[in-house]
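Shown next, in structure tokens, is the structure this report addresses.
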Amino acid sequence: MPYPSIFAIDGPVASGKTTVGRELARQLGYRFVDTGMLYRALAYCSIQAQINPSEGKRLVQLAHETRFTLSAAGEMIFCDGVDVTEHLRTPQVEEIVSLVAKVKAVRQELLGIQRSIAEEGNVVMVGRDIGTIVVPDAAKIFLEASLDERIRRRFTEVQAKGSELSRERIKLNLQSRDTIDSERDEAPLRVAEGSVVIPTGENDVEGVVGHILQAFTIAEGG
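Residue numbers (our numbering): 1 to 222.
Structure follows, in structure tokens:
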């Protein structure tokens with residue numbers, strides 16, 4: 001069955017976007033791109049450059065001068081040729097990534113990279129504003145999950161990486177990022193018009209992907 005060439009998956013932090021998006025891309029033979037990696041990479045670079053998230057002009061300059069490259073499989077990201085993937089989910093990056101991402105000029109600076117990827121087609125892109133801003137004409141999905149479910153997922157994830165973050169700190173971080181993401185002036189997190197909304201807490205990954213494929217199957221000759 002034919003499917004759209006671009007899928008946009010949005011949703012709050014730890015709603016299952018990456019897991020679902022990666023599996024959807026695998027089944028379709030598409031490229032997978034987690035656009036959040038761009039903002040995380042910039043956050044990491046800003047820490048290295050000792051730039052505070054409140055220093056908007058310096059952040060934008062850093063974003064403009066840094067060459068971001070995503071691997072074909074979407075597993076790694078390079079800044080000026082240096083692999084920074086292992087640094088993307090450190091507590092330091094977790095604390096500031098939403099603050100970095102809410103800067104309007106930063107989002108505009110990174111928008112071109114995302115749209116260039118989308119133009120290549122056959123891609124599944126996940127983030128916060130893919131369906132609303134980056135590629136509004138894509139097949140749009142919005143994933144939902146309760147705060148408790150998202151805390152559980154993130155806690156399991158950080159434990160697997162050897163982190164000692166507590167559930168309470170994860171909860172506070174998620175709540176803070178939800179507020180920043182939904183209330184920022186530029187590209188706030190919201191359900192794009194025409195999105196298929198799927199609660200991930202009630203379905204396993206295969207179930208969610210199956211739902212997506214069923215919803216976006218293009219009729220032959222249609």
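Ideal Cβ placement from N, Cα and C applies to all residues, glycine included.
Can you name, in chain order, every residue of its own chain whose Cβ lies under 8 Å from the Cβ of residue i, other than the five neighbours on each side?
i, result
"Q27", "V209, L213"
"I170", "I151, R154, F155, V158"
"E109", "V60, A63, H64"
"I117", "R31, V33, L70, V123, M125"
"A145", "G11, P12, A14, S15, G16, R153, P199, T200, G201"
"E95", "N173"
"E120", "R31"
Alpha carbon to alpha carbon, how far is residue i from residue j?
i, j, result
"F216", "Y3", "6 Å"
"R18", "V33", "The displayed chain sequence assigns Thr, not Arg, to residue 18. Taking the straight line from one Cα to the other gives about 9 Å."
"G221", "D204", "With a pLDDT of only 46 at G221, under 50, the local geometry of the prediction cannot be trusted, and no value is derived from it."
"Y30", "Q175", "32 Å"
"A63", "P188", "20 Å"
"E23", "I51", "36 Å"
"V97", "Y39", "6 Å"
"Q61", "E202", "43 Å"
"R184", "E75", "28 Å"
"P53", "S195", "32 Å"
"V134", "E164", "35 Å"
"E149", "G21", "18 Å"
"D137", "I47", "35 Å"
"L143", "G112", "24 Å"
"V93", "A139", "30 Å"
"T35", "Q114", "7 Å"
"V13", "V84", "21 Å"
"R107", "G81", "22 Å"
"R67", "L147", "35 Å"
"R167", "K161", "15 Å"
"C79", "M37", "11 Å"
"A192", "I218", "20 Å"
For the alpha helix (DSSP H) holding residue i, just list the boundary residues, first then last.
i, result
"I212", "205-215"
"I96", "91-101"
"R58", "56-65"
Between residue i and the rest of its own chain, which residues show a CB-CB distance below 6 Å, the 5 nearest in sequence each way excluded?
i, result
"H211", "I198"
"E206", "none"
"D129", "A187"
"A25", "F32, V124"
Since residue i is in the beta strand (DSSP E), which residue starts that stretch and which ends it?
i, result
"V196", "196-199"
"I51", "That residue, I51, is in no beta strand (DSSP E); it is neither H nor E in DSSP."
"D181", "Unbroken run through D181 is the alpha helix (DSSP H), 167-183; no beta strand (DSSP E)."
"L223", "This structure gives no information on residue 223, because the portion of the chain shown stretches from 1 to 222."
"V84", "Careful: V84 lies outside any beta strand (DSSP E) and carries neither H nor E."
"D34", "31-34"
"I218", "That residue, I218, is in no beta strand (DSSP E); it is neither H nor E in DSSP."
Ordered along the chain, which non-local residues of its own chain (more than five positions away) have a Cβ less than 7 Å from that of residue i?
i, result
"G56", "V103, A105"
"R190", "T132"
"A49", "L62"
"A72", "R31"
So, do the region 86-103 and the region 179-188 have three or more beta carbon pairs nearer to each other than 8 Å? yes
Could you pull out every unbroken beta strand (DSSP E) segment of at least 3 residues lying fully inside the region 114-148, listed in chain order? 123-127, 139-144
Say whether the region 81-89 touches the region 35-51, bearing in mind that this needs 3 or more beta-carbon pairs closer than 8 Å, one atom from each stretch. yes
Which whole runs of the alpha helix (DSSP H) in the region 2-29 are 4 residues long or more, in chain order? 17-28
Contact between the region 113-130 and the region 6-18 is defined here as three or more beta-carbon pairs at a separation below 8 Å; is this criterion met? yes
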